[in-house]
Each structure stands twice: as C-alpha cells, then as structure tokens.
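Counting in our numbering, the sequence shown runs from 40 upward without gaps.
The beta carbon of each residue, even a glycine, is placed where N, CA and C say it ideally should be.
Note that the structure is predicted; figures quoted are calculated from it, not measured.
Everything below concerns the one structure shown next.
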Amino acid sequence: MRRYHTYAQRQRPTWYRLFPNASIVLFFLTMAVMLWALDSREAEQLRTALARDALWAEQTLQLHLEDNLNQLTELAREAGRGDLDESGFQIQAAQFLGNTPELLAVVRADTGMILRWIAPYEEGPLTLGDGLSGASADAFVKARIESRPVYSRPYQSADGQWRLELQVPVLRNGQFVGTMIAVFSANTLIRRLPPSWFSEKYQLELIDTDGREIGRNAQKRLSGKLSEKLPLPGTGLAIIARPVKGASSPSRVLQFGLIAGLTVLTLLSLLSLNRHIRRRISAEEERDRVYRLSQELLGVIGQDGTLLEVNPAFETVLGYTQQELVGTSFLSYLHPAERDTLQEGFSGMLHHDQSHRYVETRLLTRSGETRWIVWALSPLPDSGVVYVSGRDITAKKMAEEALWHESTFRKAMEDSLVVGLRAIDLEGRITYVNPAFCDITGFSEQELLGQLPPYPYWRSGEAAELHQRHMAAALAGDAPKEGLESLIRRKDGKEIHVYLLISPLIDHDGRHTGWMTAMTDITERQEAQQRLEASHERFVTVIEGLDAAVAVVDPDSHELLFCNQRYRQWFDPDNTLGQEDGGCCDLRLAFLMRDVERPELDLQLQLADPPRWLSARRRRVRWVDGRATLMVILTDITQQHEAEQRYEQQMEKLQATSRLVTMGEMASTLAHELNQPLSAIANYQAGCIERLRQGRASAESLLPVMEKITAQAERAGKIVRRVREFVKQSEPDRKPCQLSDIVEATLAIADIEARRYAASIVLQLPPRLPEVCVDPILIEQVLLNLIKNGIEAMQDTEPARRQLTVSAYVLNPRRVEVAIADRGHGVPADLKGRLFDAFFTTKKEGMGMGLNICRTIIEFHQGQLWVEDNPDGGSIFRLTLPVTEA
Numbered sequence: 040m041r042r043y044h045t046y047a048q049r050q051r052p053t054w055y056r057l058f059p060n061a062s063i064v065l066f067f068l069t070m071a072v073m074l075w076a077l078d079s080r081e082a083e084q085l086r087t088a089l090a091r092d093a094l095w096a097e098q099t100l101q102l103h104l105e106d107n108l109n110q111l112t113e114l115a116r117e118a119g120r121g122d123l124d125e126s127g128f129q130i131q132a133a134q135f136l137g138n139t140p141e142l143l144a145v146v147r148a149d150t151g152m153i154l155r156w157i158a159p160y161e162e163g164p165l166t167l168g169d170g171l172s173g174a175s176a177d178a179f180v181k182a183r184i185e186s187r188p189v190y191s192r193p194y195q196s197a198d199g200q201w202r203l204e205l206q207v208p209v210l211r212n213g214q215f216v217g218t219m220i221a222v223f224s225a226n227t228l229i230r231r232l233p234p235s236w237f238s239e240k241y242q243l244e245l246i247d248t249d250g251r252e253i254g255r256n257a258q259k260r261l262s263g264k265l266s267e268k269l270p271l272p273g274t275g276l277a278i279i280a281r282p283v284k285g286a287s288s289p290s291r292v293l294q295f296g297l298i299a300g301l302t303v304l305t306l307l308s309l310l311s312l313n314r315h316i317r318r319r320i321s322a323e324e325e326r327d328r329v330y331r332l333s334q335e336l337l338g339v340i341g342q343d344g345t346l347l348e349v350n351p352a353f354e355t356v357l358g359y360t361q362q363e364l365v366g367t368s369f370l371s372y373l374h375p376a377e378r379d380t381l382q383e384g385f386s387g388m389l390h391h392d393q394s395h396r397y398v399e400t401r402l403l404t405r406s407g408e409t410r411w412i413v414w415a416l417s418p419l420p421d422s423g424v425v426y427v428s429g430r431d432i433t434a435k436k437m438a439e440e441a442l443w444h445e446s447t448f449r450k451a452m453e454d455s456l457v458v459g460l461r462a463i464d465l466e467g468r469i470t471y472v473n474p475a476f477c478d479i480t481g482f483s484e485q486e487l488l489g490q491l492p493p494y495p496y497w498r499s500g501e502a503a504e505l506h507q508r509h510m511a512a513a514l515a516g517d518a519p520k521e522g523l524e525s526l527i528r529r530k531d532g533k534e535i536h537v538y539l540l541i542s543p544l545i546d547h548d549g550r551h552t553g554w555m556t557a558m559t560d561i562t563e564r565q566e567a568q569q570r571l572e573a574s575h576e577r578f579v580t581v582i583e584g585l586d587a588a589v590a591v592v593d594p595d596s597h598e599l600l601f602c603n604q605r606y607r608q609w610f611d612p613d614n615t616l617g618q619e620d621g622g623c624c625d626l627r628l629a630f631l632m633r634d635v636e637r638p639e640l641d642l643q644l645q646l647a648d649p650p651r652w653l654s655a656r657r658r659r660v661r662w663v664d665g666r667a668t669l670m671v672i673l674t675d676i677t678q679q680h681e682a683e684q685r686y687e688q689q690m691e692k693l694q695a696t697s698r699l700v701t702m703g704e705m706a707s708t709l710a711h712e713l714n715q716p717l718s719a720i721a722n723y724q725a726g727c728i729e730r731l732r733q734g735r736a737s738a739e740s741l742l743p744v745m746e747k748i749t750a751q752a753e754r755a756g757k758i759v760r761r762v763r764e765f766v767k768q769s770e771p772d773r774k775p776c777q778l779s780d781i782v783e784a785t786l787a788i789a790d791i792e793a794r795r796y797a798a799s800i801v802l803q804l805p806p807r808l809p810e811v812c813v814d815p816i817l818i819e820q821v822l823l824n825l826i827k828n829g830i831e832a833m834q835d836t837e838p839a840r841r842q843l844t845v846s847a848y849v850l851n852p853r854r855v856e857v858a859i860a861d862r863g864h865g866v867p868a869d870l871k872g873r874l875f876d877a878f879f880t881t882k883k884e885g886m887g888m889g890l891n892i893c894r895t896i897i898e899f900h901q902g903q904l905w906v907e908d909n910p911d912g913g914s915i916f917r918l919t920l921p922v923t924e925a
C-alpha cells in the first residue's frame with residue numbers, strides 16, 4: 040500500500056520560494072543607487088549654474104531699469120527747469136519709446152493727478168485729461184511726499200496685461216509741480232531681457248510682493264522644482280529663474296544606455312532562472328492555494344474514521360482549530376443519529392464498493408450549533424483513505440424554511456390588508472382576490488374568481504359603459520399611473536367611492552401575465568373633502584368680508600399664493616393678477632419679505648398711489664402644500680394717522696402755551712426780581728447826578744458807581760434773556776447737549792421762584808456726565824415745571840426744611856436719570872395712578888396739564904417719568920434721558 044504524505048510534509052522551505060525574487064530586488068536596488076548618485080551630482084551642478092545665471096539676469100535687469108530711470112529723470116529735470124515744452128517732450132519721448140520696447144507710454148501729470156502730456160499721443164494706452172487712480176495715484180502721492188522716484192504696484196489693464204509705472208517727481212525751484220510717468224509692460228520687460236542662450240536654459244518669471252506672477256519669458260516644461268528667487272531693490276518686484284528641460288547630453292545618454300543594457304541582460308538571466316524554479320513549484324502552489332482558500336470542507340479520513348488532514352474551512356465551520364481536529368474521529372462531530380450509517384459506508388467504500396458517494400449529514404459545531412453539510416466521498420483504496428469534500432448547505436436549508444415562513448407570512452399579510460388586491464389575466468379574467476377586496480365589494484372569493492367583465496360589482500346602465508372604458512384602458516396598458524377614482528355597487532346595493540391603482544403583473548421569468556389592481560375605499564375621504572370645500576367657502580366669505588387686505592406670499596420667490604378682494608382693490612385695480620397663474624406680490628410690499636428669520640413683523644407704511652397709510656402685520660404660516668409662507672395683513676389707518684398728526688401739532692402748541700402760563704404765574708416774581716436791579720440802577724444814577732451838580736464828581740469816584748450800574752443792567756438783561764429763550768416757540772430739535780448746561784439754564788429762572796417761597800435748591804451733579812440727545816428747551820420746561828411744583832408743595836413746610844434737591848447719575852451706558860426731591864406734603868397713594876392724566880390736578884387753580892405735558896415730552900425722548908415717596912418726607916420725581924450714541 041502506498042504511503043500517504045500530509046500537506047505539512049510536502050511544503051518546501053521559505054527561502055526556496057523567496058530566492059528568485061530576492062535576487063531581482065537586490066539587482067534593481069543596486070541600479071537605483073547608481074542612478075541616484077548620478078542624478079545627485081547633476082542636480083548639484085544645475086543648482087550652481089542656476090544661482091550664477093540668475094544673479095546675472097538680476098544684475099542685467101537692474102542695470103536696464105536704472106538706465107530707464109536715468110532717461111526719465113532727465114526728462115523730469117528739463118520739465119522742472121522749463122526747458123521742455125510739449126513738442127520737445129513728444130520728440131524725446133518718441134526716442135525713449137523707440138529705444139525701450141517694453142515702454143508703453145510716457146506721461147506728464149500735474150499736481151492734480153491730471154494727465155497733461157502723453158506719448159504716443161494717439162496710440163497710447165492713456166487718454167489726455169484723465170486722472171490717476173488706484174496704484175498710479177498711490178505712487179503719485181508717495182513720489183510727492185518723498186520727492187524721489189517711485190515704482191507703483193503692478194496693476195492689470197483692461198486687456199488683462201500687467202503694467203508697472205515709474206514716477207519721477209518734477210520739481211521747479213524746489214516745489215513739486217507734478218510727475219513724469221513711464222508705463223512699462225511687465226510681460227514685455229521680462230521677455231526681452233534674457234538672451235537666447237538664457238531662454239533655452241531657464242524660464243524667467245517676474246512676481247510682485249504678493250507672489251503674483253505678472254510676467255514670464257516663455258511657457259516651457261520645467262525641469263523639477265528647482266528655482267532661484269532674487270529681489271529687485273527699489274521696485275517691490277522679484278525675479279524667479281527655473282531651469283527647463285533641454286536636450287540630453289551624449290555622455291548622459293551613453294551612461295543610461297550602458298546601465299539599461301546591463302540591466303536587460305541581467306534581468307533576462309534572472310527571469311530564466313526564476314521561470315525554471317517556478318515551473319517546478321507552480322503546480323504545488325496552485326493545489327495548496329485551492330486547498331487553503333476553498334470555502335468547501337476538504338479533508339482526508341482514514342479507514343477507521345480518523346481525520347488525517349483538514350483545510351481551514353473545517354475550522355471556520357466547526358469552530359475547532361486544525362490542530363484540534365487532526366487525529367480525532369470524524370464520526371464524533373456527526374449528529375448521533377447518523378454516525379453508525381456513515382461508519383458502515385466508509386468501510387464498504389474502501390473494501391467493496393469503491394465508488395463515489397454523495398450524502399447529507401448534520402455536524403455539531405463547538406458552540407452546539409447544527410450545520411447541514413452535503414459530502415462528496417472519494418475513496419482511495421491503495422492508501423486506505425477517503426477524500427471528502429463538503430459544502431455547507433445550512434443557508435440553503437434555512438432559506439427553504441424562511442421561504443416557507445415568508446410565504447405563510449405573506450398570505451397572512453394579504454389577508455389582513457385593508458386595501459383590496461385583485462389580479463386579472465390579459466383577458467380580464469379574475470385570478471386572485473384577497474379578503475379585503477371581498478369585504479369592500481361584498482362578494483365572496485368563489486363568486487369573483489374566474490369572472491370576466493362585466494364584474495358583479497359594476498353598476499348598470501350608463502355607468503357600465505364607464506367601467507368598460509376603464510377596463511379597456513387597463514388591458515391596453517393606458518391606465519393612469521397616478522390611479523383613478525370610480526364608483527362601484529356592493530352586493531347589498533350600496534354605492535361607494537373607490538380609488539384604483541393598476542400596475543402590470545410580471546412573473547419570475549419577466550413575462551407580463553396580467554394586471555394587479557389595488558382598491559381603496561375612499562367614501563369617507565370624499566365626504567371629508569366635501570366638508571372641507573364647504574369650510575373653505577365659509578373661510579373665503581369671511582376673508583373677503585374683512586375691511587383689510589390679506590395676502591399669502593412665498594418669501595423666497597415672492598409668489599402671491601392668495602389674496603382677498605380688498606388686496607386687489609388696493610394693489611391690483613386693473614385685475615392683472617387674475618390674468619396669469621401665480622403672479623408676484625406688489626413691489627411696494629417686497630420689503631416686507633426681507634428678514635424672513637423674524638417670524639412676526641408689525642410696522643406702518645405709506646402708499647403714494649392711492650395715497651393712504653397702512654398698518655402692516657406679518658405672520659409666518661404653513662401653506663396647504665406644506666411650505667413655509669408669510670401672511671401679510673394690511674389695515675387702512677389713514678384717519679388714525681391724520682388724527683395723530685393733529686394731536687402732535689396740538690401738543691406742540693400746548694407745550695408752548697404751558698411755558699407761557701408758567702411765566703404768567705411767575706410774572707409778579709419776575710417783576711419783583713427785575714425791580715431790584717432797575718431800582719439800583721436808578722439810585723446809582725441819581726447819586727452820580729447829585730455829585731455832578733455839587734461839583735464833587737471825578738472820574739476815579741464815578742468809575743466804581745458806573746461798574747455797579749453795568750452789573751445791575753447785565754443782571755436784569757440775563758433774567759429777560761432767560762425768560763425769552765424759555766417762552767419762544769420752535770420745532771423740536773434733538774441734539775447732543777450737556778445736562779449741566781440745561782440744569783443751569785433752568786435754575787436761572789427757578790431760583791427766582793425759590794427765593795419767593797424762601798426755599799433753597801441743592802444741586803448734586805457728578806463732575807463728568809455724558810452728553811444727552813434731547814431738545815434743551817423742552818427738557819428745561821419739564822425741569823422747571825417739576826421744580827416749581829416741588830417748591831409750591833413745600834409752602835406749609837417749615838422754612839428751615841424747605842430744601843429741594845436736583846440730582847443726576849448714569850443709570851446705564853444708554854440712560855441718565857435725573858431726580859427732583861422735595862420735602863412737601865407728598866402725593867397720596869390713591870392719586871399716583873392718575874397724577875399724569877390730562878386735566879387731573881391737586882391744585883385749586885391748576886389746569887391739570889403740566890405733568891401730562893411733562894410725561895409726553897419725556898416719552899418723546901424715549902424716556903420715562905414717574906413719582907416716588909421721599910423717605911425724608913415729600914416726593915421724588917424721576918426721569919430718564921437718552922445718552923448720545925458714539
């Protein structure tokens with residue numbers, strides 16, 4: 040008997056397989072090192088030559104630019120000395136242009152940046168009389184300030200070409216009178232600089248301070264990433280030289296040829312050796328590869344059922360390692376009910392039958408799971424072993440079981456659907472109905488199967504013709520893809536609305552065998568639709584009856600989705616919206632669609648045609664198709680707005696009247712206050728006259744008396760001036776003011792009233808208060824009214840306690856608070872709520888308008904006015920004023 044050798048015994052050593060490949064890799068590494076050494080040496084030589092040639096190019100370009108500068112400087116000097124007129128300028132500029140190809144134009148600009156002389160006159164890129172702008176204007180300013188030649192920043196012309204300007208200041212007797220400008224083409228400058236030998240070896244680029252390329256000498260293939268960058272002093276530019284690919288040298292071609300030839304000869308020798316070795320092991324490798332990678336269970340079993348060799352698939356299926364499986368009995372992994380039968384089969388194949396067999400068995404895995412395997416058994420009697428090849432069919436078995444469960448589940452699902460399903464063949468014969476279809480029509484499955492049109496649930500009469508047309512369209516494949524609605528009669532005679540969706544019925548071979556119909560009872564939906572339409576009619580009736588314009592607009596496209604009759608009357612009197620589908624909203628309302636992130640908006644707007652004021656309110660709503668829209672409600676407030684204007688005009692007149700009334704109430708006090716300086720003036724003048732009559736007057740004795748007369752006259756004039764400024768009528772004018780100045784002007788009048796009532800006013804203002812944005816006259820009126828009320832409230836207070844305090848402090852960065860505190864009788868708690876109402880007063884002779892006007896003035900300034908109890912007795916009136924925004 041021939042001895043069986045295992046897979047491990049047949050394996051060759053690893054070095055035997057790697058030797059041919061290792062030889063080839065080592066050879067190629069040697070060749071690569073040689074090529075790298077040659078390239079490194081050549082790259083170093085190229086780098087040295089690049090640095091040398093780039094420096095030559097930089098010096099050449101610098102000398103060329105200096106020559107241009109000298110010529111332009113000479114023109115500027117002659118123009119400054121007055122030796123150069125426009126004709127002479129044209130002659131010299133033409134010579135300059137002829138000798139300098141990269142020069143586009145020579146220009147003379149005056150102190151106002153206006154182009155006065157231009158050469159060439161007709162074909163140049165500039166126009167006589169134009170002004171400098173952009174980079175040209177910046178260079179002009181710099182040349183004027185520094186009094187030296189200046190290069191401008193590169194800029195692009197209308198045709199996309201980069202330009203560069205050199206501006207030389209023109210000085211006349213040391214005074215700046217303009218500049219002489221040379222306009223260069225950056226691309227021409229860099230193209231005409233290098234000679235032919237330089238252009239063949241290098242690509243030369245001109246870049247600005249931002250690294251932008253503004254010119255190059257040619258577009259060639261670059262040789263690697265090697266480059267040399269050199270700046271051009273005084274210009275703000277730099278040049279970059281890059282080597283380009285050229286013709287290979289003979290020596291380098293010879294080197295590469297020798298290396299390539301040697302490589303080919305050596306490679307052929309190695310390939311021949313490698314082919315000889317691979318031919319010997321290719322068959323074994325292919326067999327071993329199939330053995331290892333096969334998804335089928337491959338193994339060798341002895342005649343006693345022992346596993347002699349297994350592939351990795353055994354390990355994957357059973358969960359045991361190959362070392363654990365080899366040497367164990369194959370029968371121990373079988374299901375107990377199949378072990379005896381298979382053991383007898385092994386013995387029969389090796390001794391008697393010796394034919395191939397196929398069997399299905401169940402294997403027990405390490406985890407206890409049962410796997411179905413179909414085996415192909417091939418006996419080898421000479422070696423006393425059996426080759427086995429097993430395929431895992433557990434998935435197939437499970438798929439068969441799952442298919443059975445799925446079929447059962449599908450049947451149960453079809454029976455539980457509320458949508459009726461019906462299948463017909465190509466002739467219209469009913470081949471299948473589900474229970475839901477029977478429930479909808481009222482007919483049993485036996486009554487429907489095999490029926491041809493007309494079906495029992497069709498209506499009779501003229502409706503039958505409609506059913507026939509629908510059926511003909513369905514059998515012809517012309518049924519609407521979106522479905523159709525129909526009316527059928529149940530077995531009990533009740534007619535119901537149904538929705539039919541018809542689709543082709545395709546079998547497993549892809550053949551069209553009939554049509555599948557899904558029927559849905561939509562009777563309730565139809566009734567709901569009718570109720571919805573009635574509700575919509577009521578809604579439209581209400582909207583159309585509103586005395587306001589209502590519109591629904593898409594905020595993205597400004598499409599007008601809905602509008603009522605009032606909207607059409609105001610914005611579409613010619614009925615243009617009704618002439619086209621959709622349409623856009625009125626342009627006068629387009630701004631209402633801005634800032635759509637804000638869900639709500641409430642503002643007022645004025646229309647010129649027709650002239651009216653509208654109150655516009657915007658709300659975000661969800662439209663019937665689900666998209667987010669904006670509903671705009673416009674109400675006519677023209678009468679309300681006109682009433683508010685009349686009210687504001689009356690309030691302005693009332694404020695001026697209030698100031699006059701206040702002065703009228705203080706008339707006697709003001710007369711007494713004016714009588715004192717006037718009496719003093721009269722007494723001083725009488726004394727002077729008496730001295731003059733007696734002859735005792737001299738300039739030295741009369742001078743102090745005259746100074747006192749002047750002081751008393753100024754005192755009287757100041758009182759009159761303050762009163763006049765207070766009572767004059769003017770339009771409200773909010774402007775930045777110092778609060779201390781307003782308080783000082785107020786106290787100039789209030790102090791007179793305080794002395795009348797034997798009261799004192801204490802001022803408590805911080806040294807540095809921010810400016811407030813107010814109308815000073817209106818705020819003086821408020822402060823004077825509150826101070827006067829406080830002084831009058833202290834009439835019954837002891838004279839020693841008649842003290843009124845005016846204080847102020849910064850409430851927050853946007854508000855300043857002013858407080859007027861008195862020690863009077865105070866305000867009862869039940870009257871505080873009505874204290875600021877119009878025509879309400881606690882005085883016997885008051886009109887009840889003072890505090891109401893004060894609150895109106897403060898609210899006009901976006902402030903607040905309120906009253907509090909003073910802990911020391913009396914009241915504290917507080918008001919806030921806006922700080923001037925920076």
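Following the continuous beta strand (DSSP E) through residue 36, name the residue where it begins and the one where it ends. Since the first and last residues shown for the chain are 40 and 925, residue 36 lies out of range.
Quick one: Cα of residue 253 to Cα of residue 295, how far? 39 Å
For this session: Go ahead and pull the three-state DSSP assignment for residue 492.
Result: coil
Q | For residue 497, three-class secondary structure by DSSP | A | coil
When the Cα atoms are used, what is the spatial distance from residue 270 to residue 248?
10 Å
As a quick exercise: from 138, 158, 121, 265, pick the residue whose alpha carbon is nearest that of residue 212. 121
**Item:** Segment contact, 8 Å Cβ cut-off, at least three pairs: the segment 310 to 319 with the segment 332 to 343
**Value:** no
Using C-beta distances below 6 Å, list every residue in its chain close to residue 565, excluding the 5 sequence neighbours before and after it, in chain order. 536
Residue 343, DSSP secondary structure in three states | coil
Quick check on residue 228: buried or exposed, where buried means 16 or more other Cβ atoms within 10 Å of its Cβ?
buried
Burial state of residue 303, where buried means 16 or more other Cβ atoms lie within 10 Å: exposed
*Should residue 890 go down as buried or exposed, given a rule of 16 or more other Cβ atoms within 10 Å for buried?*
buried
**Request:** Would you mind reading off the limits of the alpha helix (DSSP H) that contains residue 789?
**Result:** 778 to 795
* Asked: To the nearest whole angstrom, what separates the beta carbons of residue 344 and residue 370, a pair I think is in contact under 8 Å?
  -> 5 Å
- Item | Inter-residue Cα distance where the pair is residue 668 and residue 658 | 9 Å
**Item:** Close beta carbons around residue 119, own chain, < 8 Å, minus the five adjacent residues each side
**Value:** 209, 210, 211, 216
Indicate whether the contact test is met: 3 or more Cβ pairs, each with one atom in the segment 896 to 904 and one in the segment 810 to 824, closer than 8 Å. yes
*residue 357 versus residue 405 - alpha carbon distance*: 6 Å
Quiz prompt | Pairwise C-alpha distance: residue 351 and residue 313 | solution = 30 Å
Take residue 481 as the anchor and find which of 513, 527, 463, 449 has the nearest alpha-carbon.
527
Straight-line Cα distance separating residue 790 from residue 799: 8 Å
**Prompt:** Which stretch, first to last residue, makes up the beta strand (DSSP E) that contains residue 268?
**Reply:** 267 to 271
query = For residue 806, which three-state DSSP category applies?
reply = coil
For residue 511, which residues from the same chain have a beta carbon less than 8 Å from its beta carbon, with the 5 sequence-adjacent residues on both sides left out?
none
I think residue 136 touches residue 146, with their Cβ atoms under 8 Å apart; what is that distance to the nearest whole Å? Not confirmed; about 12 Å, so no contact.
- Task: For residue 874, I'd like the list of residues in its chain whose CB is within less than 7 Å of its CB, leaving aside the five on either flank, ordered along the chain.
- Result: 866, 890, 906
Which one of 673, 66, 327 has the shortest CA to CA distance from residue 305? 66
- Message: Here's the rule I'm using: 16 or more other beta-carbon atoms within 10 Å means buried, otherwise exposed. How should residue 408 be labelled?
- Response: exposed
Q: For residue 851, write down the residues that DSSP places opposite it in a beta bridge.
A: 854
Check: Hey, residue 368 and residue 395: beta-carbon distance below 7 Å or not?
Finding: no
How about residue 832 and residue 876: are their beta carbons less than 7 Å apart? no
Practice item. With DSSP collapsed to three states, give me the class of residue 422. Key: coil
- For residue 218 and residue 148, believed in contact at Cβ under 8 Å, the rounded distance: 5 Å
| If you run the structure through DSSP and keep just helix, strand and coil, what is residue 248? | coil
**OP:** Compare the beta carbon distance of residue 797 and residue 852 with 7 Å and say whether it is the shorter of the two.
**Re:** no
Is it buried or exposed for residue 560, if we count other Cβ within 10 angstroms and need 16 for buried?
buried
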